[in-house]
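Protein sequences, first through last, are from chains A and B.
Position 467, counted from 1, in the first sequence is what my numbering calls 467; the numbers after and before it change by one each time, with no gaps.
Position 190, counted from 1, in the second sequence is what my numbering calls 190; the numbers after and before it change by one each time, with no gaps.
For every residue, glycine included, the Cβ atom is placed at its ideal position computed from N, Cα and C.
Here the structure comes first, spelled out in structure tokens, and everything after it is commentary.
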Amino acid sequence: MRYETVMGLEVHVELATESKLFCGCSAKFGADENENVCPACAGMPGMPAVTNKKAVELGIAAAIVTNSEITRTITFDKKSYFYPDLPTGYQITQWFAPICKNGWVEVETTAGKKKINLKQIHIEEDAGKLIHEGYDTSLVDFNRTSVPLVEIVSMPDFRTAEEVVAYLEKLRSLLTFAGVSDCKMQEGSMRCDVNISVREAGSDKLGTRTEIKNMNSLKAISAAIAYESKRHIDALEIGDEVLIQETRGWNDSIGKTFSMREKETAADYRYFPNPELMPIYISDEWIDKIRVNLPEPAVEKYVRLTGELGLPEFDSGIITGSKTLSDIFDDVTKHFNKPKEAANWIITELLGIAKGSNKGEDDIQIDCVKFAKLMELVDNKTINRTIGKKLLGMVLEEGIDPAVYVAKNNLGMIADTGVINEAIRIILADNQKSVDEYKKGNQKVFDFFVGAIMRKLGGKADPKVVNELLIRQLK
Amino acid sequence: MDCYIVDFHAAELGVGAEVALEDSVMRKGLPAKAGSKILEGFIAPFDATVVTRLLDSKYNIAGRIGMNEFGLPSLISAGTNDIYDAVKAVSAGVVSYALCNDVFGVYRRRAAEEGICYLHPTYGTVSRYGLVPMACSMDQIGVACKNPDDCFGLLSVIAGNDPKDGTMYPEKSYVYSKTGKELRIGVPAAVLNQADEGTKESIRRFAAGFTSTDMELKYFDVYKQVLYILTCAEASSNLTRYDGIKFGYRASNYKNLNELYTRTRTEALGVEAKLAAIMGFMVLSQENYIPYYEKAMKIRRLIKESLRFGEYDIIVLPTKISDDSYENLSLFALAPLAGLPSLSFSFKGCGIQLVADAKNENALLTAWEGVKNEI
Ligand SMILES: [Zn+2]
């Protein structure tokens with residue numbers, strides 16, 4: 001029997017606002033426990049909820065980049081249930097009139113292009129975080145409480161893990177480039193729940209559905225889908241397990257899903273419009289204003305880099321594959337007008353240093369003015385490229401000012417050929433045996449000479465000039 | 001005198017100590033229990049906007065004053081247990097003013113009965129920041145004092161837009177003054193007929209001082225149901241934050257999370273709060289949402305739309321048509337349901353209340369000025 005896996009995704013994305021959805025607390029990630037908390041988001045009485053306009057605008061931006069139909073009068077509604085990570089006993093979400101409906105996103109896989117349809121996107125507040133300590137103690141951190149999210153609900157249009165990954169990468173590109181979110185899976189600002197079922201190929205009836213949660217990387221998502229769809233098929237084929245509709249967690253270390261809870265069909269969340277949040281009218285003018293101010297999407301940027309700026313496709317692909325790299329590129333080329341050079345520095349040097357210190361490309365934070373100045377120093381031959389590379393690491397890690405550092409440490413390139421020739425003469429004189437070997441045809445010692453001469457000159461000479469002068473003296 | 005002021009803040013009681021706060025209006029550093037055991041130990045972390053504005057205008061805050069639990073009326077015990085200490089304190093001259101939240105008419109009725117007055121302002125003109133919420137779309141801080149002129153004076157201090165409350169009108173401040181225009185009083189005869197003879201006579205004599213017109217209050221027969229359904233829905237939701245986890249009362253014996261919730265709420269919520277929570281959960285449940293909550297919301301809109309301000313400036317109503325608290329709710333429902341201002345006081349020995357159009361407090365003031373020499 002042939003089977004088909006059918007999946008739908010619920011993707012939660014934290015909105016890139018300064019403050020929370022209904023109070024003025026900072027929405028930034030990484031603060032100490034309960035640092036970003038006020039009476040309102042701790043559930044205390046007395047602070048009326050007031051909607052963060054920026055969150056609605058980012059919701060509209062998400063609607064625009066996903067080709068969705070924007071709802072003109074939106075509401076914020078209460079979803080009620082008791083849980084310690086929910087300090088007010090209700091979550092404010094959009095149940096009756098979500099920000100948009102019926103969008104779509106085009107994805108590309110090895111099988112070709114495919115349109116993924118979206119049911120809706122709604123804005124809602126996040127819950128807090130429970131930290132379980134020992135057998136009978138749980139602590140709660142309200143930093144994340146009321147941080148604004150959008151939940152992007154797809155139709156059950158996915159058939160393969162590859163499509164799921166392509167969709168998440170596409171969403172990430174659309175949303176990061178539009179400034180909606182930084183979409184970092186590791187930090188939880190992008191989370192994905194997969195609804196999965198398996199049916200006989202060709203059948204139009206859906207099988208028993210499970211929901212998989214707790215995956216914090218694309219790799220984990222692929223693995224969880226593979227595991228879960230095999231579990232479903234095994235259950236259907238062998239019948240050793242009866243599938244039930246339930247929520248399952250993903251355990252990355254053992255590579256298995258596990259049952260978290262059975263779907264409570266009777267859960268009644270008592271949805272109703274929040275009486276203190278007036279419906280918000282979204283006008284054409286408001287949408288247009290957001291649309292015209294949207295930053296350049298990755299696809300358009302790619303066309304500009306390969307066309308107008310004449311960058312290689314490979315370089316353009318890497319730069320537009322990450323909002324962070326793309327922003328760095330835009331920033332440095334404002335101060336250093338050699339886009340090809342800049343792209344080369346970013347891709348070979350900057351990414352190299354980041355990888356060396358185990359940083360993802362989206363974790364790179366660098367002062368772009370200093371970065372540009374550094375490239376300028378190499379470009380106008382004030383310093384050589386080797387020193388430039390070393391200094392780039394220091395700009396990245398310590399934020400040094402390259403010009404000041406070069407002057408202070410006397411790192412300027414040695415241009416005087418007399419000085420270089422003198423160094424060559426000393427090295428050759430000290431290594432007569434190697435000179436003889438070279439003359440017998442051993443090319444390897446040439447690199448040894450260059451290394452020794454560069455060391456003698458404190459690494460500050462132009463290697464090209466050293467090469468030329470060395471060849472001349474060896475003749 | 002059987003009224004009491006809890007946690008009376010002696011240090012603040014100087015010359016001119018004059019404004020008492022109902023237990024739901026927050027004063028930083030003082031408990032704010034909203035009359036409920038479930039908020040035992042909770043200390044207000046900030047000042048209500050009304051408090052800040054009073055302090056800025058050099059008013060002295062006398063302290064907190066007892067109230068019905070979350071302002072809910074005592075329906076089960078038929079009104080005999082209503083706590084309206086704010087009215088008693090003003091009437092006894094202990095304080096000049098009390099700030100309260102009066103959705104159900106407890107203060108509007110008792111003020112008139114005790115010979116003082118109560119001004120319930122237009123919804124959205126006084127900030128709810130720092131008010132323990134009961135029903136957010138109807139909660140509105142109002143003023144109890146001996147004389148309506150002074151009520152308006154104090155209201156002008158506390159009213160005006162506050163960005164910390166998203167349901168407010170944009171006006172930064174309000175000036176309340178008598179209008180030169182001749183007032184037209186709308187008299188809903190069908191409602192008036194339910195009052196006793198003395199009240200009927202008082203209202204007739206009140207209306208005689210102005211041009212008056214007969215009018216009908218459409219849907220009056222379901223006012224109380226609509227008010228009770230909507231306030232219970234909202235109150236039930238505002239009460240879910242009291243779960244024993246973060247602040248306030250917590251049951252001492254529990255074996256698991258569920259028991260912590262249920263025991264805390266069972267032990268610390270009073271009977272009217274429990275009733276409101278259960279009613280609210282019911283009308284918001286999946287099967288009852290459309291026949292109860294949504295329907296009540298629709299009628300609320302119809303009630304608002306059925307008013308014909310313009311044909312009359314003020315609607316005059318009695319403050320009592322029945323000994324039954326639930327029946328009486330109808331008399332006080334119009335102002336909170338439609339967000340309208342209302343003034344109640346005693347006229348010719350009987351309680352009357354006036355309701356004006358939104359932000360037309362001046363009509364109330366003008367009406368009072370017109371009759372104040374003959375009360
Ligand atoms: Zn907060």
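For residue i, which option in the options has the closest C-alpha, if you only look at C-alpha atoms?
| i | options | result |
| --- | --- | --- |
| Val-13(A) | Ser-229(A), Ser-80(A), Gly-179(A), Asp-85(A) | Gly-179(A) |
| Ile-303(B) | Arg-241(B), Pro-291(B), Val-187(B), Lys-218(B) | Lys-218(B) |
| Val-187(B) | Ala-208(B), Val-175(B), Asp-214(B) | Asp-214(B) |
| Glu-300(A) | Asn-274(A), Leu-174(A), Leu-374(A) | Leu-174(A) |
| Thr-382(A) | Gly-360(A), Asp-362(A), Gly-459(A) | Gly-459(A) |
| Asp-139(B) | Asn-431(A), Met-47(A), Lys-338(A) | Met-47(A) |
| Ile-424(A) | Leu-243(A), Asn-344(A), Arg-455(A) | Arg-455(A) |
| Asp-362(A) | Ala-343(A), Thr-257(A), Phe-329(A), Leu-325(A) | Leu-325(A) |
| Lys-79(A) | Ala-298(A), Tyr-3(A), Pro-45(A), Arg-270(A) | Arg-270(A) |
| Lys-320(B) | Val-95(B), Gly-41(B), Glu-113(B) | Glu-113(B) |
| Gly-360(A) | Asp-327(A), Ser-322(A), Asn-380(A) | Ser-322(A) |
| Ile-414(A) | Ile-427(A), Lys-464(A), Leu-391(A) | Lys-464(A) |
| Cys-192(A) | Glu-10(A), Asp-462(A), Phe-446(A), Cys-25(A) | Glu-10(A) |
| Tyr-174(B) | Glu-361(B), Tyr-84(B), Glu-374(B), Ile-375(B) | Glu-361(B) |
Give me, in chain order, the residues of the same chain whose beta-carbon lies closer than 8 Å to that of residue i; leave out the 5 immediate sequence neighbours on both sides.
| i | result |
| --- | --- |
| Met-260(A) | Lys-213, Glu-246, Thr-247, Arg-248, Gly-249 |
| Leu-183(B) | Phe-210, Thr-211, Asp-313, Ile-314, Ala-363, Thr-366, Ala-367, Gly-370 |
| Glu-106(A) | Lys-113, Lys-114, Lys-115, Ile-116, Lys-170 |
| Glu-296(A) | Phe-177, Arg-304 |
| Ala-44(B) | Met-26, Arg-27, Lys-28, Gly-29, Leu-30, Pro-31, Ala-32, Gly-130 |
What in chain B is Cβ-close to residue i, meaning under 9 Å?
| i | result |
| --- | --- |
| Pro-275(A) | Ala-135, Cys-136, Ser-137, Met-138, Thr-167, Leu-230, Ala-233, Glu-234, Ser-237 |
| Pro-87(A) | Arg-241, Asp-243, Ile-245, Lys-246 |
Could you work out which residues of chain A lie near residue i, taking near to mean beta carbons separated by less than 7 Å?
| i | result |
| --- | --- |
| Gln-194(B) | Correct list: empty, because the minimum Cβ distance to chain A is about 30 Å. |
| Val-132(B) | Pro-45, Gly-46 |
| Met-67(B) | Here the premise fails: no neighbours, minimum Cβ distance about 14 Å. |
Using a Cβ-Cβ cutoff of less than 7 Å, which residues in the same chain neighbour residue i once the five nearest sequence positions on both sides are dropped?
| i | result |
| --- | --- |
| Lys-389(A) | Glu-349 |
| Glu-124(A) | Gln-91, Ile-92, Thr-93, Gln-94, Leu-149, Glu-151 |
| Phe-46(B) | Met-26, Lys-28, Gly-130 |
| Met-282(B) | Asn-288 |
| Gly-393(A) | Ile-353 |
| Phe-142(A) | Asn-34, Val-37, Cys-41, Ala-42, Pro-87, Gly-128 |
| Leu-311(A) | Leu-305, Pro-339, Lys-340, Ala-343 |
| Arg-385(A) | Val-378 |
| Arg-291(A) | Ile-64 |
| Glu-374(B) | none |
Sorted by chain position, which residues of the same chain lie with C-beta nearer than 6 Å to residue i's C-beta, five sequence neighbours on each side aside?
| i | result |
| --- | --- |
| Gly-198(B) | Cys-350 |
| Cys-232(B) | Ala-276, Met-279, Gly-280 |
| Asn-102(A) | Glu-69 |
| Asn-421(A) | Leu-469 |
| Val-355(B) | Ile-315, Leu-334, Ala-335, Leu-340, Ser-342 |
| Leu-457(A) | Ile-414, Ala-423 |
| Glu-18(A) | none |
I think residue i touches residue j, with their Cβ atoms under 8 Å apart; what is that distance to the nearest whole Å?
| i | j | result |
| --- | --- | --- |
| Leu-359(B) | Thr-122(B) | A small correction: the amino acid at residue 359(B) is Lys; Leu does not occupy that position in the sequence shown. Lys-359(B) to Thr-122(B), Cβ: 5 Å. Contact. |
| Ile-196(A) | Ile-225(A) | 7 Å |
| Val-198(A) | Gly-207(A) | 5 Å |
| Asp-182(A) | Ala-16(A) | 6 Å |
| Leu-277(A) | Gly-166(B) | 7 Å |
| Ser-36(B) | Leu-269(B) | 7 Å |
| Ala-20(B) | Gly-63(B) | 6 Å |
| Glu-200(A) | Met-7(A) | Not a contact, Cβ separation roughly 16 Å. |
| Arg-231(A) | Thr-5(A) | About 11 Å separates the two Cβ atoms, so there is no contact after all. |
| Glu-259(B) | Pro-275(A) | Not really, about 31 Å apart at Cβ, beyond 8 Å. |
| Arg-108(B) | His-120(B) | 6 Å |
Given that residue i touches chain A, what residues does it touch there, using C-beta distances under 8 Å?
| i | result |
| --- | --- |
| Tyr-261(B) | Phe-82 |
| Lys-164(B) | Met-47, Pro-48, Val-50 |
| Ser-285(B) | Asp-268, Arg-270 |
In chain B, which residues lie less than 7 Å from residue i when you measure between Cβ atoms?
| i | result |
| --- | --- |
| Tyr-90(A) | Ser-237, Thr-240 |
| Ala-42(A) | Lys-246 |
Using the beta-carbon of each residue, which ones in chain A are nearer than 9 Å to residue i?
| i | result |
| --- | --- |
| Tyr-129(B) | Gly-46, Met-47, Pro-48 |
| Phe-281(B) | Ser-80, Asp-268, Arg-270 |
Using a cut-off of 8 Å between C-beta atoms, extract the partners of residue i located in chain B.
| i | result |
| --- | --- |
| Lys-370(A) | What Lys-370(A) touches in chain B: nothing, since even the nearest Cβ is about 40 Å away. |
| Pro-39(A) | Pro-45, Phe-46 |
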